[in-house]
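In what follows, a single structure is set out as structure tokens and then discussed.
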Amino acid sequence: GTRTPHTIPRSVYGGGMISGGSSSGSALAVALGQVPFAVATDPAGSGRVPAALNGVVGFKPSRGLISTVGLVPACKSLDCLSVMA
Numbered sequence: 281g282t283r284t285p286h287t288i289p290r291s292v293y294g295g296g297m298i299s300g301g302s303s304s305g306s307a308l309a310v311a312l313g314q315v316p317f318a319v320a321t322d323p324a325g326s327g328r329v330p331a332a333l334n335g336v337v338g339f340k341p342s343r344g345l346i347s348t349v350g351l352v353p354a355c356k357s358l359d360c361l362s363v364m365a
């Protein structure tokens with residue numbers, strides 16, 4: 281993301297573009313071929329937006345389709361896992 285005390289991850293499309301939000305590192309790892317897929321939390325686009333900004337597919341299934349047992353809740357009514365590949 282862009283609000284970090286660490287180096288801001290660069291988009292796969294160039295240094296002048298943002299790479300997304302909280303799961304931007306995961307999206308970059310998929311886009312660069314370092315991993316085949318990544319799982320992210322996605323209450324409001326945190327997985328899908330970075331995926332889209334880096335040229336990979338992000339999918340958020342219907343809430344409750346994938347168990348969130350063990351997930352630290354950010355917003356219990358919106359918490360959902362997403363997958364990017």
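Taking the working numbering, the leading residue of the sequence shown gets 281, the next gets one more, and so forth.
The C-beta atom is built at its ideal place from N, Cα and C for all residues, glycine as well.
Whole angstroms are fine: how far does the CA of R343 sit from the CA of K356? Working through the sequence shown from its first residue, we reach residue 356 at position 76. Working through the sequence shown from its first residue, we reach residue 343 at position 63. The alpha-carbon atoms of K356 and R343 are separated by roughly 11 Å.
Mapping the DSSP letters down to three states, classify A324 as helix, strand or coil. Within the sequence shown, the letter at position 44 stands for residue 324. If DSSP states are grouped into helix, strand and coil, A324 belongs with coil.
Local conformation of A331 per DSSP, three classes: In the sequence shown, counting from the first residue as 1, residue 331 sits at position 51. Helix, per DSSP.
From the DSSP output, read off the bridge partner residues of G305. For the purposes of this step, residue 305 is identified with residue 25 of the sequence shown, where counting begins at 1. G305 pairs with nothing; no bridge assigned.
Leaving aside the five residues before and after S291 along the sequence, list all residues of the same chain whose C-beta is less than 7 Å from its C-beta, in chain order. Here residue 291 is taken as the residue at index 11 of the sequence shown, counted from 1. So the list reads M297, I298, S299, L333 and N334, once near-sequence residues are dropped.
Straight-line Cα distance separating L345 from S302: Translated into positions along the sequence shown, residue 302 becomes position 22. Translated into positions along the sequence shown, residue 345 becomes position 65. S302 and L345: Cα-Cα distance of roughly 22 Å.
Among V315, S347, S306 and H286, which residue has its Cα nearest to the Cα of V329? Locating residue 329 in the sequence shown gives position 49, counting from the first residue. Cα-wise, what sits closest to V329 is S306.
Buried or exposed (CB count within 10 angstroms, at least 16 for buried), A331: To locate residue 331, count along the sequence shown from 1; it is residue 51. With 16 or more other Cβ atoms within 10 Å, it is buried.
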